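Taking it in order: structure first as structure tokens, then the write-up.
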Amino acid sequence: MTRSCFIIDPSLPLGLIANTAAILSLSLGAAHPELIGPAVTDGDGDRHEGITQVVLPILAADADTLRSLRAKAALHRADDLLLVDVTETAQRAKAYQDYADRLSSLYGNDIRYLGLGLHGPVGLVRSLTGHLPLMK
């Protein structure tokens, strides 16, 4: 069994929290399209596109905790853990190539993480995030 979750800095403005969650969702869905259910129809026959079939809790962690958690999670990529991150660099970029160019010139301690997305074995994801509170 697998588990997914997002971890986002709660000190961000509400709009950036929403944007960070949206970015993480798109990346998770692209990497694991099986998490998205099929389209359904309502009683009138109107189509509603598929949405997530899994629970996606949003947990809270400050910038230092996000950096530490990302470093720990990165060690488990070989254990079928998907790690997605949203950085301040991404948030400020006007285009993807701008983001890629800027990020390539930064080193680990220079990167500020706004949010992380994890998807992988239940035990592993819980061991990494079990101590974190839900976003309120």
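In my numbering, the protein residues as written are -16 to 119.
Glycine included, C-beta positions come from ideal geometry on N, C-alpha and C.
Values in this document were obtained by computation on a predicted structure and should not be read as measured data.
Of Leu39, Val23 and Leu42, the smallest CA-CA separation from Gly33 is found for Val23.
For Ser88, there is no enclosing alpha helix (DSSP H), as DSSP marks it with neither H nor E.
In this structure the segment 92 to 100 touches the segment 64 to 77; the number of beta carbon pairs closer than 8 Å is three or more. By alpha-carbon distance to Ser(-13), the top candidate from Leu(-1), Gly12 and Ile0 is Gly12. For Arg(-14), the enclosing beta strand (DSSP E) stretches over residues Thr(-15) to Ile(-9). In its own chain, leaving out the 5 sequence neighbours on each side, no residue places its CB closer than 8 Å to the CB of Lys77.
Ile34 sits in coil when the DSSP states are folded into three classes, being neither helix nor strand. Asp47 carries a helical assignment under DSSP once its states are collapsed to helix, strand and coil.
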